[in-house]
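Heads up: the structure comes next, in structure tokens.
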Amino acid sequence: MDSMILIRDQIKTIYSRYAVYIDPVLKFMLALITYIAINGSVGHMRVLKNPVLVVLVALLNAVLPASAVLPIACISVILHMYSISLLCAVIVGALFTLLFLLYFRFAPKDSMLVLLTPLAFILHIPYALPICAGLLGNAYSCVSVVCGVIAYYVIVYVANSALSLEGTDVEKMTASFRTFFGGIIGNKTMLLVLVAFAATTLLVYLVRRLSIDYAWYIAIGAGIVTDFLIILIGNSMMNLEVSVFALFIGSIIAIPIALIVKFFCFYPDYAKTEILQFEDDEYYYYVKAVPKLKVISGKENTNRSAERNFRRGS
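Residues 524 to 837 in this note's numbering are what the sequence shown spells out, letter by letter.
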């Protein structure tokens, strides 16, 4: 365990030292994966699928703020929708606009969650997303997760129903409009996942903020169980076709992912917890102080021992 803590501290030290070089690389990789995933799901416009163009746009994202990946990705999806039909592009564009208004109203700093939620589905680790969002975000992070879920199911629906949405005359466009909204609003699986992910994100956030020992571990466990039970019970009550086996495996996979996030972001040493008391003219203050878990390397330990010996000799 001590060696893992030392490795973690070394990784954080290296990142803080070379962040100016590491951040652009990470943004490039995130953008590249995002655009490849979009082209693989709804890649109907050949120009946008050009590998050279994909790499160039990803390189552009490397020098732009990380939040720029999301709007560029949305524009890419809308252009792909335009290749299917103008109406499809208008509908998806209007839907994305509504999601952006909702997202900017409640969680303007959580653009990564909106982007990472569809990617988590594509990478087959969706159940880790609401847990991590609750651990690292705030109460409004559930809004960003919900927006990401809707965006993912819209992309999946269009990818599976592209032929039925094609058409330029009035009758076909009207039929496409009804088909699209019927397929999205009537998607009970999407509604179930929305409820499960929003509830899980909010629960994990509330539990991990409690002033109790091992709050983050309890939050992870409570989130995994809550997400699993909501989807399992909803799947049974609504007669959906959610794979219970995939749900179980996905929930198990979410545990180590959440623990890794916890290991790098929150590492208290509960064995050394102290309860401190202060007072002033009006109040008594009781403070629970939990030190961060640290391991002294051999070199640091030698230096400290030498310093103590020097003080004793003097």
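Think of the CB as a built atom: it goes at the ideal place given N, C-alpha and C, for glycine as much as any other residue.
Cβ pair count under 8 Å reaching 3, the segment 721-730 against the segment 675-683: No, they do not touch.
Identified DSSP bridge partners for Ala812: As computed with DSSP, Ala812 is found in a beta bridge with Glu797.
Same chain, Cβ closer than 8 Å to Leu639, five either side skipped, listed in chain order: Within the same chain, Leu652 and Gly671 come within 8 Å of Leu639 by CB-CB distance, once the 5 residues on both sides are set aside.
Tyr737 (DSSP reduced to helix, strand or coil): If DSSP states are grouped into helix, strand and coil, Tyr737 belongs with coil.
Of the listed residues Ile561, Ser634, Phe644 and Ile645, nearest to Gly660 (C-alpha basis): It is Ser634 whose Cα lies nearest to the Cα of Gly660.
Inter-stretch contact at 8 Å, needing at least 3 Cβ pairs: the segment 775-786 / the segment 741-748: In this structure the segment 775-786 touches the segment 741-748; the number of beta carbon pairs closer than 8 Å is three or more.
Strand pairing of Pro791, partner residues [DSSP]: In DSSP, Pro791 forms a bridge with Lys815.
Extent of the continuous alpha helix (DSSP H) to which Ala581 belongs: Its alpha helix (DSSP H) spans residues Pro574 to Val586.
From Leu583, Ile556, Tyr650 and Gly566, residue whose alpha carbon lies closest to that of Ala682: The closest CA to that of Ala682, considering only Leu583, Ile556, Tyr650 and Gly566, is found on Gly566.
Gly861, buried or exposed, once every other Cβ within 10 Å from all chains shown has been counted against 16: Given that the chain is displayed from residue 524 to residue 837, the structure contains no residue 861 and the question cannot be resolved.
Whether Phe619 touches Cys597 by CB criterion (8 Å): Closer than 8 Å, so yes.
Within 8 Å, strictly: CB atoms of Asp750 and Tyr663: In this structure, the beta-carbon distance from Asp750 to Tyr663 does not fall below 8 Å.
Alpha helix (DSSP H) segment containing Lys535, residue limits: Lys535 -> alpha helix (DSSP H) spans Asp525 to Val565.
Cβ-Cβ separation, Val577 to Ile559 (assumed contact under 8 Å), whole Å: Yes, they are in contact, since the Cβ atoms of Ile559 and Val577 sit about 7 Å apart, within 8 Å.
Residue closest to Arg732, alpha-carbon to alpha-carbon, out of Gly657, His603 and Leu529: Proximity to Arg732 across Gly657, His603 and Leu529 peaks at Gly657, based on C-alpha coordinates.
For Phe644 and Met604, the rounded distance between their alpha carbons: Taking the straight line from one Cα to the other gives about 20 Å.
For Ser599, the first and last residue of its enclosing alpha helix (DSSP H): Counting along the chain, the unbroken alpha helix (DSSP H) around Ser599 starts and ends at Val592 to Ile607.
Pro653: first and last residue of the uninterrupted alpha helix (DSSP H) it sits in: Start and end: Ala651 to Leu659.
Contact belief for Val668 with Ala721 at Cβ below 8 Å, rounded distance in angstroms: Correct: roughly 6 Å between the Cβ atoms.
Enclosing alpha helix (DSSP H) for Pro663 [first to last residue]: Reading the sequence as shown, one finds Tyr at residue 663 and not Pro. For Tyr663, there is no enclosing alpha helix (DSSP H), as DSSP marks it with neither H nor E.
Backbone secondary structure at Tyr807 - three-state DSSP: Three-state result, Tyr807: strand.
C-beta atoms of Leu636 and Val592 nearer than 8 Å: One thing to note: Leu636 has its Cβ no nearer than 8 Å to the Cβ of Val592.
Continuous alpha helix (DSSP H) stretch holding Ile645: start and end: For Ile645, the enclosing alpha helix (DSSP H) stretches over residues Ser634 to Ile645.
Where Ala719 falls, given that 16 or more other Cβ within 10 Å makes a residue buried: Burial call: buried.
Ala812 to Tyr737 span [Cα, whole Å]: Going from the Cα of Ala812 to the Cα of Tyr737 covers about 14 Å.
Within 8 Å, strictly: CB atoms of Pro779 and Leu816: Their beta carbons are not under 8 Å apart, which means Pro779 does not touch Leu816 by this criterion.
8 Å Cβ cutoff, Val592 in contact with chain C: Absence of chain C from the displayed structure is noted, only one protein chain being present.
Residues bridged to Glu802 [DSSP beta-bridge criterion]: Its beta-bridge partners are Tyr807.
Span separating the alpha-carbon of Ile767 from that of Leu755: Reading the sequence as shown, one finds Val at residue 767 and not Ile. Going from the Cα of Val767 to the Cα of Leu755 covers about 7 Å.
Buried versus exposed call for Ser828 [16 or more other C-beta atoms within 10 Å across all chains shown]: Its pLDDT being 48, under 50, Ser828 is placed unreliably by the model, and the measurement read from it follows with that caveat. Counting C-beta atoms within 10 angstroms of its own C-beta, Ser828 has fewer than 16 neighbours from the protein chains shown and is therefore classed as exposed.
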